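Okay, so here's the structure we're looking at.
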Amino acid sequence: MIHSKIIGTGSYLPAKMLSNYDLEKIVDTSHDWIFSRSGIVERHFAADNELTSDLALQASRKAIEAAGIKADEIDLIIVATTTPDQTFPSTACILQDKLGITNGSPAFDMQAVCGGFVYALNTADLYIRGGQAKTVLVVGAEVLSRILDWNDRTTCVLFGDGAGAVVLRASDEPGIVVSKLHADGVHRNMLKAAPLISMDGKSVFKFAVKVLSEVVEELLEDQKLTGSDIDWLVPHQANIRIIEATAKKLGLEMSNVVVTVATHGNTSAASIPLALDTAVRDGRIKAGQNILIEAVGGGFTWGAVLIKW
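Laid out in structure tokens, this is it:
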């Protein structure tokens, strides 16, 4: 049986960093207000000349290096993003060119906002299991700083820019075990960008905790597992209170949760691969462990993926 094995991870954060104290100077807010509600201390913003594809390129190069492969071995690129370089061509095609890949393999973007990386990872897994690809680059990359409403102090302080990437390869060894994806467009106005980000924070919080718990329980039940079988939960890094509430509902200790929201902020589709790469490189995530990733984003989209590392 063919499995999709993650063989390399990479991430990139722009050099420009804004702390809560920096934001106090430009927005009617305070460090204490931001931190108490979100757990965020700082976030990174792309430079004026940095595009989403530039962030994706840096993360991809690190993932490719970690995988020990050459770029032209990649036969599919999927970029999850809400902030593409331009309407078209896709950021994935632009990234393909910047990586120097000329093998004619497919490349496309996926838009599921904060759920984008989970959706993209599932799609890549299906391509590999179906025999249509052997080596896939999956990237989550965002420059959310360009769609922030600086007149809305409740949202503009929450988001940051960044990129994370993984390389998947067809393998006989276990890798991605199962994925569960959902969406419900009824709630599309609860969190949206038209063209700037707006959000009903309280409603989003309640909805997020509910559906994240449900989808993880659905996945665990499918595999006849419990929370104690999970070595690491790598959640979408939106809000520490959502992360803590979800972990509590699943009976997981926070010591088994990868948390990067304090230094990254909410980077939408980039948040999970950024957190994943952090935990891989610092040695927390090890071979043979069960890794659970989950996310919820505007749409609403949500989902979870179980990975045998």
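First residue of the sequence shown? That's 573 in the numbering used here, and the numbers climb one at a time after it.
From the three backbone atoms N, C-alpha and C, an ideal C-beta is built for every residue, glycine too.
Remember, predicted model here, so these are calculated numbers, not experimental data.
A straight line joining the alpha-carbon of Asn723 with that of Thr601 spans about 11 Å.
The C-beta distance from Ala755 to Thr873 rounds to 5 Å, short enough to meet the 8 Å contact threshold. At least 8 Å separates the beta-carbon of Ser717 from that of Ala635. Per DSSP, reduced to three states, the secondary structure at Ala842 is helical.
The continuous alpha helix (DSSP H) containing Lys778 extends over residues Gly773 to Asp794. Membership of Leu698 in the alpha helix (DSSP H) is indicated by the continuous run Gly688 to Arg701. Under the 10 Å beta carbon count, Tyr593 is surrounded by fewer than 16 other beta carbons and is classified as exposed. The C-beta of Lys796 has fewer than 16 other C-beta atoms within 10 Å across all chains shown, which makes the residue exposed.
With 16 or more neighbouring CB atoms inside 10 Å of its own CB, Glu866 falls in the buried class.
Classified as buried, Pro586 has 16 or more neighbouring CB atoms from the shown chains inside 10 Å of its CB. Per DSSP, Ile865 is not a residue of any alpha helix (DSSP H); the beta strand (DSSP E) it occupies stretches across Asn862 to Gly869. Distance from the CA atom of Ile700 to the CA atom of Asp744, rounded to whole angstroms, is 12 Å. Assigned with DSSP and collapsed to three states, Lys752 falls in strand.
Counting C-beta pairs with one atom in each stretch, the segment 721-737 and the segment 668-679 have fewer than three that are closer than 8 Å, which means they do not touch. Beyond the five residues adjoining it in sequence on each side, Ala819 comes within less than 7 Å, by CB distance, of Leu805, Met826 and Val829 in the same chain, given in chain order. Per the Cβ contact rule, the segment 628-643 is in contact with the segment 705-716 (3 or more Cβ pairs under 8 Å). The Cβ neighbour count for Ser608, taken over all protein chains shown within 10 Å, is under 16; the residue is labelled exposed. Taking 3 residues as the minimum length, the beta strand (DSSP E) runs contained wholly in the segment 640-684 are 648-652 and 679-682, in order along the chain.
Secondary structure at Glu614: strand, using DSSP grouped into helix, strand and coil. Inclusion of Lys670 and Leu627 in the CB contact set at 8 Å is not warranted, their separation being larger than that value.
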